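Chemist: Mind having a look at this structure? Questions to follow.
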Amino acid sequence: MFTYVYPRIFNRKSDSNNKIKVYSLNKKSNIYSIGIILWEISSGQPPFYNELHDVDVAMKILQGLREKPAPNIFEDYIKIYTDCWNNEPDDRPTINQVVTKLNAIISDFKQNDSIVNIQLSSEQLLKSNIEVPEKVINNSLHEKMSQVIQTFSKINIREIEPSISTNLIINDFETMVIEVIYFLENIETERRKHEIIDYLNNYNITLQEIYYWLSINQNDPNSIFLLGLFNHFGIEISVNKQKAFELYQNAANSGNVPGIISLGYCHEKGIGTNVNKQKAFELYQKAANLGNSRGIYNLGVCYNNGIGTSIDNQKAFELYQKAANLGNLLGINNLGHFYLNGLGTNVNKQKAFELFQVAANLGDCIAQSNLGFMYENGEGIEKDINQAIYWYKKSADQGDQIAQEKYDELISEEY
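See the structure below:
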């Protein structure tokens with residue numbers, strides 16, 4: 370869920386050579402997530418529990434929205450987790466500092482004979498097996514803080530050695546595969562080869578290494594799916610669309626949702642099989658029914674463009690909205706397009722601008738280009754050519770050709 374993840378993880382940036390880089394999980398982004406978890410432990414409920422996890426909440430989090438402290442919690446504990454989720458990564462504490470401060474709280478309890486002897490280790494990596502109580506005891510400060518500390522004691526933490534490069538090296542290939550698949554959910558199919566290569570380069574993993582690992586782990590549906598992508602786009606090997614289709618089908622038969630969606634794409638475009646848009650529609654619908662945001666988005670595209678079904682802009686609007694509320698950048702961008710042009714809803718250019726802004730800030734190049742258009746033409750926002758140039762440049766740096774042309778045009782006019 371995006372409420373636990375440092376929002377910049379979805380950003381893509383370019384280096385001095387205009388090579389796209391993914392903002393990868395690192396020490397500082399992990400600390401942000403720890404802060405959210407510490408808040409959850411003290412409150413006894415997930416972040417923004419009473420809020421719909423939609424575009425509006427995502428925008429507010431990007432702008433600095435955080436949960437309020439639960440009542441009857443020590444100020445020292447509150448300061449620990451609020452420091453962890455500081456919007457500026459460099460202002461966040463290290464994991465050793467977090468552990469030291471938590472141990473100080475524990476020591477205070479020990480001195481007062483308030484809790485049992487608890488030791489926090491800083492020698493093991495944070496794991497995701499975190500048990501959060503269904504509700505924290507409210508009848509006394511002592512009982513609440515005891516529950517908080519005992520819960521946190523179940524978390525094992527290791528400080529990542531300073532000598533390790535800023536680009537995190539992932540030795541656990543299985544975890545890396547899951548991260549890649551999650552990341553690709555917000556990437557247009559045509560851009561996936563480029564994004565996969567840059568993503569792996571960001572982790573200093575060679576294509577040969579990951580291809581070999583995928584090849585010898587074909588009992589895992591995620592690995593089957595990703596190997597299908599390698600065959601589909603010719604990553605490390607020659608393009609083999611027939612093999613890609615077979616691998617997607619194998620993954621889909623195992624219930625792998627990305628496999629189901631990619632199998633639908635093969636039927637839609639005739640990749641490794643004959644074109645069958647009705648079958649594509651059915652597969653997208655299956656993925657959507659499983660709650661997958663990309664499946665919901667693709668189903669919206671079907672209704673939008675009449676793929677395997679009749680055109681229905683109202684239905685497409687509803688599906689884009691649903692995908693957007695699940696945090697899908699493609700859904701957010703297309704929802705903005707519908708508001709801008711009054712498709713399936715009334716024209717609302719300000720809402721369109723806000724949606725493009727959310728997706729653009731999360732790194733979507735199409736939304737960045739759309740945001741440039743809004744600033745260039747004063748649609749939903751006051752006209753601002755400098756901002757238009759800025760956003761066209763951001764999009765162009767990610768390879769968007771239309772944005773590049775608009776950027777060149779505006780630069781020549783301005784200078």
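Here our numbering is used: the first residue of the sequence shown is 370, the next is one more, and so on. Beta carbons: idealized from backbone N, C-alpha and C, even for Gly. From a predicted model like this one, the values you see are computed outputs, not experimental measurements.
(1) Using CA coordinates, which residue listed in Phe594, Ser764, Trp582 and Ile403 is at the minimum distance from Asn622?
(2) Would you call the segment 715–732 and the segment 666–686 touching, i.e. three or more CB-CB distances under 8 Å?
(3) Going by beta-carbon coordinates alone, are Lys720 and Tyr708 separated by less than 9 Å?
(4) Where Leu704 and Gln726 are concerned, what is the direct C-alpha to C-alpha distance, given to the nearest angstrom?
(5) Going by Cα to Cα distance, which pick from Pro440, Tyr581, Leu699 and Lys752 is closest to Thr350?
(6) Tell me whether Glu637 is buried or exposed, calling it buried when 16 or more other Cβ atoms sit within 10 Å of its Cβ.
(7) Using only the alpha-carbon positions, how far apart do Ser764 and Asn571 sit?
(8) Is the beta carbon of Leu598 sitting closer than 9 Å to the one on Leu553?
(9) Quick one: residues in its chain with C-beta nearer than 6 Å to the C-beta of Ser631, no 5 flanking neighbours on either side, listed in chain order?
(10) Return helix, strand or coil for Ala439, following the three-state DSSP convention.
(11) If you draw a straight line from the alpha carbon of Val644 to that of Asn573, how long is it in whole angstroms?
(12) Is Tyr450 buried or exposed, if buried means 16 or more other CB atoms sit within 10 Å of its CB?
(13) Give me the Cα-Cα distance between Glu748 and Phe722, rounded to the nearest whole angstrom.
(14) I'd like the span of the alpha helix (DSSP H) that includes Lys752, first residue to last.
(15) In whole angstroms, give me the CA-to-CA distance for Val626 and Ala656.
(16) Would you tell me roughly how many angstroms separate the C-alpha atoms of Phe614 and Gly633, rounded to the nearest one?
(17) What residue does the alpha helix (DSSP H) around Gly711 start on, and which one ends it?
(18) Considering Cα atoms alone, identify which of Ile676, Cys635 and Ile640 is closest to Gln647.
(19) What is the DSSP secondary structure of Phe552, counted as helix, strand or coil?
(20) Which whole-angstrom value is the C-beta distance of Gly696 and Ser662, which I expect to be below 8 Å?
(21) Val716 by DSSP, collapsed to three states: which one?
(22) Would you call Glu436 buried or exposed, if buried means 16 or more other Cβ atoms sit within 10 Å of its Cβ?
(23) Assuming Gly641 is part of the alpha helix (DSSP H), what are its boundary residues?
(24) On the premise that Ile400 lies in contact with Ile464, defined as a C-beta separation below 8 Å, what is that separation, rounded to the nearest angstrom?
(25) Indicate the three-state DSSP secondary structure (helix, strand or coil) for Thr558 in the structure shown.
(26) Counting contacts by CB-CB distance shorter than 9 Å, is Leu632 in contact with chain B?
(27) Using a Cβ-Cβ cutoff of less than 7 Å, which residues in the same chain neighbour Val546 once the five nearest sequence positions on both sides are dropped?
(28) To the nearest angstrom, report how far apart Leu576 and Tyr653 are at their CA atoms.
(29) Closest to Ser398 by CA distance: which of Gln767, Ala736 and Glu457 is it?
(30) Can you look up Gln617 in the DSSP assignment and give me helix, strand or coil?
(31) Is the beta carbon of Asn739 less than 9 Å from the beta carbon of Asn694?
(32) Candidates Arg461, Tyr446 and Asp452: which alpha carbon is nearest Leu471's?
(33) Who are the Cβ neighbours of Lys562 in its own chain at under 7 Å, not counting the five residues just before and after it?
(34) If you draw a straight line from the C-alpha of Cys635 to the C-alpha of Lys610, how long is it?
(35) With a CB to CB cut of under 6 Å and the five nearest residues on each side skipped, what residues in its chain are close to Ala649?
Modeler: Quick answer:
(1) Ranking Phe594, Ser764, Trp582 and Ile403 by Cα distance to Asn622 puts Phe594 first.
(2) With fewer than three CB-CB distances shorter than 8 Å, the segment 715–732 does not count as touching the segment 666–686.
(3) The answer is yes: Cβ separation under 9 Å.
(4) Taking the straight line from one Cα to the other gives about 12 Å.
(5) Residue 350 is absent from the model: the chain starts at 370 and stops at 784.
(6) By the 10 Å Cβ count, Glu637 comes out buried.
(7) Approximately 20 Å between the Cα atoms of the pair.
(8) Yes, Cβ-Cβ distance for Leu598 and Leu553 is below 9 Å.
(9) Exclusion of the five residues before and after Ser631 leaves Tyr617 as the residues of its chain whose Cβ lies within less than 6 Å of its Cβ.
(10) Residue state, collapsed to three classes: coil.
(11) Straight-line Cα distance between these residues: approximately 38 Å.
(12) When all chains shown are included, Tyr450 counts as buried.
(13) Straight-line Cα distance between these residues: approximately 7 Å.
(14) Taken as a continuous stretch (DSSP letters only), Lys752 belongs to no alpha helix (DSSP H), as it is neither H nor E.
(15) Straight-line measurement puts the Cα of Ala656 at about 6 Å from the Cα of Val626.
(16) Their Cα atoms are separated by approximately 10 Å.
(17) No alpha helix (DSSP H) contains Gly711, which DSSP labels as neither H nor E.
(18) Of Ile676, Cys635 and Ile640, the residue nearest in Cα terms is Ile676.
(19) Note: Phe552 maps to helix in three-state DSSP.
(20) Rounded, the Cβ-Cβ distance is 7 Å, consistent with contact.
(21) In the three-state reduction of the DSSP assignment, Val716 falls in the coil class.
(22) Buried: at least 16 other Cβ atoms inside 10 Å.
(23) No alpha helix (DSSP H) holds Gly641; DSSP gives it neither H nor E.
(24) Right, the Cβ-Cβ distance comes to about 7 Å (below 8 Å), so this counts as a contact.
(25) Thr558 falls in the helix class under three-state DSSP.
(26) You won't find chain B in this structure, because it holds only one protein chain.
(27) Here the set comprises Asn591, Ser592 and Leu595.
(28) Roughly 29 Å separates the two Cα atoms.
(29) Relative to the Cα of Ser398, the nearest Cα in the group Gln767, Ala736 and Glu457 belongs to Glu457.
(30) Sequence inspection shows Tyr at residue 617; the Gln mentioned does not correspond to that position. In the structure shown, Tyr617 sits in a helix (DSSP, three-state: H, G or I).
(31) In this structure, Asn694 does not lie closer than 9 Å to Asn739 by Cβ.
(32) For the set Arg461, Tyr446 and Asp452, the Cα lying nearest the Cα of Leu471 is the one of Tyr446.
(33) Excluding sequence neighbours, Lys562 sits near Phe602 and Ile604.
(34) Whole-angstrom Cα-Cα distance: 9 Å.
(35) Excluding five sequence positions before and after Ala649, the CB atoms of its chain that fall closer than 6 Å to its own CB belong to Gly633, His636, Glu637 and Gly677, given in chain order.
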